[in-house]
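Sequential numbering of the sequence shown, starting at 2, is according to this note's numbering. Notes follow the structure.
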Amino acid sequence: MTAEAATPNSSQISDRAAPVVVRLSDGTQRDVSGLSVDQLVELQWQEERRFAQQILTACKCSTQRAEITSQGYDTITTLLRLRDQRSSEQFAMGHSPRYERLVLRLLAERHRRGIASPILFEIGFGSGLLLKRIQDQGYVVGGLEVSQGMYELARRRLGDQAQLHLGDLRSLGKGTRGKFHVVFWNDVFEHIAPDEILDYLRIIHELLAPGGVLVTITPNWHVRPSDITSKFMGPRSEAVGFHLKEYTLGEVAGLLRQAGFKRVATPLLVTRPEMIFCGSGLAGCKRLLEPCLEWLPFRLTRVLCTGLGLDCTVAQKGIAE
């Protein structure tokens with residue numbers, strides 16, 4: 002190795018020296034710039050549990066709950082970004098090329114049905130990676146994020162053309178009702194307080210244009226825990242971090258129908274590159290047989306949940322609405 006290659010440049014030195022301050026669940030501030038990957042994971046485990054309890058015990062729909070949620074996600078996403086920098090990983094927040102192809106296919110279907118410019122709205126867009134990729138294909142995109150830090154990162158990535166919102170979904174103005182043709186959320190459903198999830202689904206139903214679809218990606222309860230809890234507790238333990246409740250496919254489908262969605266489908270099969278859809282994807286049969294997953298070895302349950310698409314639903318709003 003040459004001396005030039007071995008010597009870090011000034012920007013690298015500056016990045017290492019720059020403080021990264023987060024606000025913890027007890028209201029204190031801490032510089033986490035010097036923490037190792039293991040220390041960041043340990044801090045995330047500690048803070049997610051504390052923030053989660055504060056969210057769950059706060060009153061439903063209260064300003065206090067909204068403020069705790071916003072602060073908690075600012076803190077945890079900062080820790081995640083720093084952890085990924087330490088391990089040289091891209092900060093993708095669960096993005097998958099399969100989801101991107103699914104969203105593009107749904108938008109293209111709406112275009113073929115006569116919608117000149119179908120619009121995607123993503124709830125919990127994180128750094129804006131998916132929105133950017135869809136925007137680059139010529140589609141209009143928008144979304145909502147509760148984390149100020151993530152919102153600012155996505156705004157820089159997407160520019161002013163994207164219709165980005167910061168705050169609570171329930172704070173969106175009436176001008177957004179019936180405006181969007183595809184709504185997508187990935188690993189958000191399980192982060193919402195259980196006493197508020199039906200309210201959110203009803204609002205999403207209102208956001209969609211007639212015939213629009215909601216794509217929900219949420220880890221199936223049978224592969225629990227799927228949040229930071231999995232690093233510290235064994236399989237089939239209940240999540241105690243930011244996954245405030247993890248759901249079965251049957252529970253998700255039931256909530257979607259309560260919210261007014263007329264049709265709830267799953268992928269028929271999921272392969273490494275693609276989600277394969279055919280009709281409802283045997284969603285009814287999957288819900289009926291789903292309890293049997295608890296009898297199987299955990300690794301097999303995980304394979305089946307992924308391969309049969311039990312963590313994905315596509316719910317359609319009625320065309321006549």
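Backbone N, C-alpha and C fix where the C-beta goes; we use that ideal spot for every residue, glycine too. Because the structure is a prediction, the values reported are computed rather than measured.
Would you mind giving the Cβ-Cβ distance between residue i and residue j, rounded to the nearest angstrom? I have them listed as a contact below 8 Å.
i: Q138; j: A163; result: Going by Cβ atoms, the distance from Q138 to A163 rounds to 13 Å, so no, they are not a contact pair.
i: T1; j: A240; result: The structure shown does not extend to residue 1, since the chain is modelled only from 2 through 322, so no value can be given for it.
i: R203; j: G127; result: Between G127 and R203 the Cβ distance is about 24 Å, and since that is not below 8 Å, they are no contact.
i: E62; j: E197; result: Contrary to the premise, residue 62 reads as Cys rather than Glu in this sequence. Sure, about 7 Å apart at Cβ, within 8 Å.
i: Y140; j: L121; result: 6 Å
i: Q317; j: G212; result: 7 Å
i: I124; j: W186; result: 4 Å
i: S71; j: S148; result: 7 Å
i: G129; j: A155; result: 3 Å
i: L170; j: L256; result: About 15 Å; that fails the 8 Å criterion.
i: S34; j: V21; result: 4 Å
Tell me residue i's beta-bridge partners as DSSP assigns them.
i: T217; result: W186, T314
i: E146; result: L167
i: L121; result: V142, V183
i: V23; result: R31
i: L209; result: F181
Just to confirm my understanding: we take residue i, look at its own chain, exclude 5 residues before and 5 after, and list those with CB closer than 6 Å. What are they?
i: E207; result: R178
i: A210; result: G179, H182
i: S281; result: A266
i: G73; result: F52
i: A321; result: none
Taking 7 Å as the cut-off, is the CB of residue i close to at least one heavy atom of the ligand COA?
i: G179; result: This structure lacks the ligand COA; in fact it carries no ligand of any kind.
Under 8 Å Cβ to Cβ from residue i, same chain only, skipping five residues before and after it: list those, please.
i: L57; result: A194, L245
i: L131; result: H96, Y100, E101, V104, E123, F185, N187
i: V42; result: R84, I229, K232
i: D16; result: At D16 the pLDDT is 47, less than 50, meaning the model places this residue with poor confidence and gives no usable figure here.
i: E146; result: G125, F126, G127, Y152, A155, L165, H166, L167
i: R114; result: G212
Starting from the C-beta of residue i, find all residues in its chain whose C-beta is less than 7 Å away, skip the five residues before and the five after it, and write them out in chain order.
i: D387; result: Any question about residue 387 goes unanswered here, given that the chain covers just 2 to 322.
i: A59; result: Q65, R66, I69
i: V315; result: V214, V216, A266
i: G325; result: Nothing about residue 325 can be reported from this structure: the residues present for the chain run from 2 to 322 only.
i: V38; result: R84, R87, S88
i: K287; result: L250, T267, L309, L311
i: A53; result: V241, G242, F243, L245
i: S118; result: V141
### Query
Can at least three beta-carbon pairs, one atom from the region 284–295 and one from the region 187–203, be found at a separation below 8 Å?
no
### Query
Is there contact here, the region 149–165 with the region 213–225, by at least three beta-carbon pairs under 8 Å?
no
### Message
With three or more beta-carbon pairs closer than 8 Å as the criterion, would you say the region 42–55 touches the region 228–240?
### Response
yes
### Task
Kindly provide the ranges of any alpha helix (DSSP H) runs that are 4 or more residues long and lie completely inside the region 232–312, ordered along the chain.
250–259, 284–290, 299–308
### Message
Suppose only complete runs of 4+ residues qualify. What are the alpha helix (DSSP H) ranges in the region 53–117, listed by chain order?
### Response
64–87, 98–113
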